[in-house]
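Those sequence lines, one after another, are chains L and R.
Heads up, the first sequence is in this note's numbering, so the first residue is 15 and it goes up one at a time.
Heads up, the second sequence is in this note's numbering, so the first residue is 84 and it goes up one at a time.
Beta carbons: idealized from backbone N, C-alpha and C, even for Gly.
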Amino acid sequence: MNVLARAVHGLVTGEDMDCVGAPSNLSHLEQEALAGLRFLLRRPPRDLAVLLAQGQWPEPWWSPPLSLPPDQG
Amino acid sequence: MESAAVTSPRPGLTLLHDTDIAAGHHHRWTDTGGVVSLLVQDVLGESRFGMAYCHRLLEVLDRQVKPNSVVPTVSSLPILACEASGGDPCRAAPVAAAWRLVRLAAKLFDDVEDGEPNGQPAEAINLATGLLFVARLALNELAAREIDLDLVRCLDRALNRAMLRACAGQHGDLVASQVGMASIDPEAWLEIALAKSGELLAWAAWAGALVAGADEHILACYRKYGSHLGVLLQVADDFNGVWHPEGTSDLAAGRPTLPVCYGLSVAEARERDFLQALLEQAVEGDDAAEAQARQLLVDLGAQAYLLVVGQVQRRQALEALRSAGCASPAGQQLVALLDRVLPALSADGTSVAAGPVLSAQEVSRWGGNSERCCPQATGGML
């Protein structure tokens with residue numbers, strides 16, 4: 015299993031909430047991101063959708079939206 | 084010199100003769116729409132069928148909503164990378180034109196593959212194919228007038244390679260949809276995302292820096308920036324597709340998104356079978372099963388995983404920019420572009436040296452202490 019996925023799963027399900035360190039085979043950036051997540055999960059509410067949904071990317075990245083043609087507008 | 088403007092095949096579009104370009108009106112090259120219109124009409128304008136196809140291509144192009152010039156968007160990636168590398172942004176206009184065409188073609192193809200074509204699928208495929216050829220024309224015929232030929236060949240070759248890799252990534256995505264999402268784990272998802280969007284955005288950023296005359300190290304930095312930006316966009320896209328869909332959700336469509344790949348990879352056997360069953364029911368139109376699957380993914384930590392993966396991608400992109408040493412306003416725009424994807428990842432909308440998962444604002448809202456959350460967030464990055 016993906017080590018990062020396993021670490022996140024452990025944090026979210028509470029199996030690893032007391033674990034101070036992150037798996038050593040994670041990169042420095044991954045460990046820092048996990049540390050941020052650990053902090054976040056200690057504070058209710060735990061529905062991250064509230065956080066993630068803020069100021070979402072306003073358009074499909076691959077192309078600006080197409081406006082409707084005149085006969086459909 | 085007499086006016087070189089010619090009548091557009093449609094009202095509202097002013098096309099330019101080559102004499103305009105020869106006369107040194109280089110500022111016009113920043114008008115990529117005009118440049119593309121000129122190219123298309125030049126090739127197709129002499130036959131009846133050609134004109135009809137020309138009209139459709141220009142219509143599709145014209146229907147693209149023009150980006151707000153104040154806010155950095157993916158559209159401006161080559162221009163920003165060029166300017167941030169110390170180049171004249173006008174030199175990147177042909178690259179920007181090709182980039183716009185490639186992205187529009189990708190959207191048309193994607194809509195067909197997702198079963199959501201805006202019009203007839205066959206026509207959409209033919210239009211998208213045409214747009215890809217116009218993109219190559221934009222590079223080969225337009226860039227050749229501004230940039231030396233070796234550089235143009237280099238740009239064209241790299242674009243072809245990026246597009247081929249993007250097609251391979253899309254193939255991986257399509258195959259995963261057909262054979263079942265359990266076939267791809269989060270690592271495989273990342274490989275696919277890197278191929279299908281990372282490669283193209285890497286090209287766009289790299290190409291902008293190349294026409295600016297950047298050295299190998301800087302070019303590698305911009306390639307890396309674009310690549311991580313592309314994966315981050317896919318992370319955001321998958322979040323929206325599962326939790327904030329417009330129309331059919333990715334769960335109902337059976338798309339192999341990162342939340343699902345993650346959920347299936349971390350769940351215990353019984354829970355995985357249950358999730359798999361819910362996902363199958365969701366594809367068959369069972370709304371209750373879809374809602375249950377969505378909640379199960381939350382419980383398994385899929386949102387948290389997206390947050391962590393997104394943060395890692397954002398930080399890698401920021402490090403690439405820092406390594407490129409771009410301190411210009413255009414460099415700041417590239418940071419802003421990154422932070423627009425998932426604003427929750429950035430520190431209250433500003434760039435930081437080592438971005439926290441939470442901004443100070445967020446920490447405050449969640450009742451925390453920003454110093455504890457993000458000890459590395461010490462100020463502006465660039």
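Backbone CA spacing between residue 129 of chain R and residue 117 of chain R [nearest angstrom]
19 Å
DSSP three-state assignment for residue 391 of chain R, whether helix, strand or coil:
helix
Residues of chain L with CB under 8 Å from residue 270 of chain R, in chain order?
16
Does the beta-carbon of residue 282 of chain R have 16 or more other beta-carbons within 10 angstroms, so that it is buried, or is it exposed?
buried
Neighbourhood of residue 245 of chain R by C-beta distance below 6 Å, restricted to the same chain and skipping five residues each side:
282, 283 and 286
Could you check the C-alpha separation between residue 161 of chain R and residue 308 of chain R for me, to the nearest Å?
12 Å
For the segment 333-361 of chain R, list every residue whose C-beta sits within 8 Å of some C-beta in chain L, in sequence order.
345, 348 and 349
Could you confirm whether any beta carbon from chain R is found closer than 7 Å to the beta carbon of residue 44 of chain L?
yes
For residue 17 of chain L and residue 299 of chain R, the rounded distance between their alpha carbons
33 Å
Count the other CB atoms, across all protein chains shown, that sit within 10 Å of the CB of residue 340 of chain R; report buried if there are 16 or more and exposed otherwise.
buried
Between the beta-carbon of residue 342 of chain R and the beta-carbon of residue 325 of chain R, is there less than 7 Å?
yes
Taking residue 192 of chain R as the reference, give the member of R:214, R:319 and R:389 with the closest Cα.
R:214
Neighbour list for residue 388 of chain R in chain L, Cβ cutoff strictly below 7 Å
19 and 22
Taking the alpha carbon of residue 270 of chain R as the point to measure from, which residue in R:261, R:262 and R:255 has its own alpha carbon closest?
R:255
Helix, strand or coil: which one does DSSP assign to residue 106 of chain R?
For residue 106 of chain R, the pLDDT reaches just 33, beneath the cut-off of 50, and the residue's location in the model is therefore unreliable, although a value from the coordinates is still provided. Residue state, collapsed to three classes: coil.
Would you call the CB atoms of residue 217 of chain R and residue 316 of chain R closer than 7 Å?
no
For chain R, is any of its Cβ atoms less than 7 Å away from the one on residue 51 of chain L?
yes
Drop a sphere of 10 angstroms on the beta-carbon of residue 377 of chain R, count the other beta-carbons inside from all chains shown, and report buried for 16 or more, exposed for fewer.
buried
Spatial distance of residue 470 of chain R from residue 119 of chain R (CA atoms)
Residue 470 of chain R is absent from the structure shown; chain R starts at 84 and stops at 465.
Could you tell me the distance, in whole angstroms, from the CA atom of residue 248 of chain R to the CA atom of residue 279 of chain R?
7 Å
Secondary structure of residue 323 of chain R, DSSP reduced to three states
helix
Taking only beta-carbon atoms, is residue 384 of chain R less than 7 Å away from chain L?
yes
Could you check whether the Cβ of residue 398 of chain R sits closer than 7 Å to any Cβ belonging to chain L?
yes
Please say whether residue 348 of chain R and residue 268 of chain R have beta carbons closer to each other than 7 Å?
yes
Would you list, in chain order, the members of the segment 363-377 of chain R that have their beta-carbon closer than 8 Å to a beta-carbon of chain L?
none
At 7 Å on the CB atoms, spell out the chain L contacts of residue 418 of chain R, in chain order.
Near residue 418 of chain R there are no residues of chain L at all, since even the closest Cβ is about 15 Å away, more than 7 Å.
Is the beta carbon of residue 416 of chain R less than 7 Å from the beta carbon of residue 172 of chain R?
no
Could you work out which residue in R:197, R:163 and R:212 is closest to residue 187 of chain R when comparing CA atoms only?
R:212
Would you verify that the beta carbon of residue 391 of chain R is, or is not, closer than 7 Å to some beta carbon of chain L?
yes
Give the list of continuous alpha helix (DSSP H) stretches no shorter than 4 residues that lie fully inside the segment 354-420 of chain R.
370-383 and 385-407
Anyone know if the C-beta pair for residue 420 of chain R and residue 400 of chain R falls short of 7 Å?
no
Taking the continuous alpha helix (DSSP H) assigned at residue 248 of chain R, which residues delimit it?
232-262
So, helix, strand or coil for residue 438 of chain R, using DSSP?
Because residue 438 of chain R carries a pLDDT of 36, less than 50, the predicted location of this residue cannot be relied on, and the following value inherits that uncertainty. Reduced to three states, the DSSP call for residue 438 of chain R is coil.
Measuring only between beta-carbons, confirm whether residue 394 of chain R sits less than 7 Å from chain L.
yes
Neighbour flag for residue 416 of chain R against chain B, beta carbons, 7 Å
Absence of chain B from the displayed structure is noted, the protein chains being L and R.
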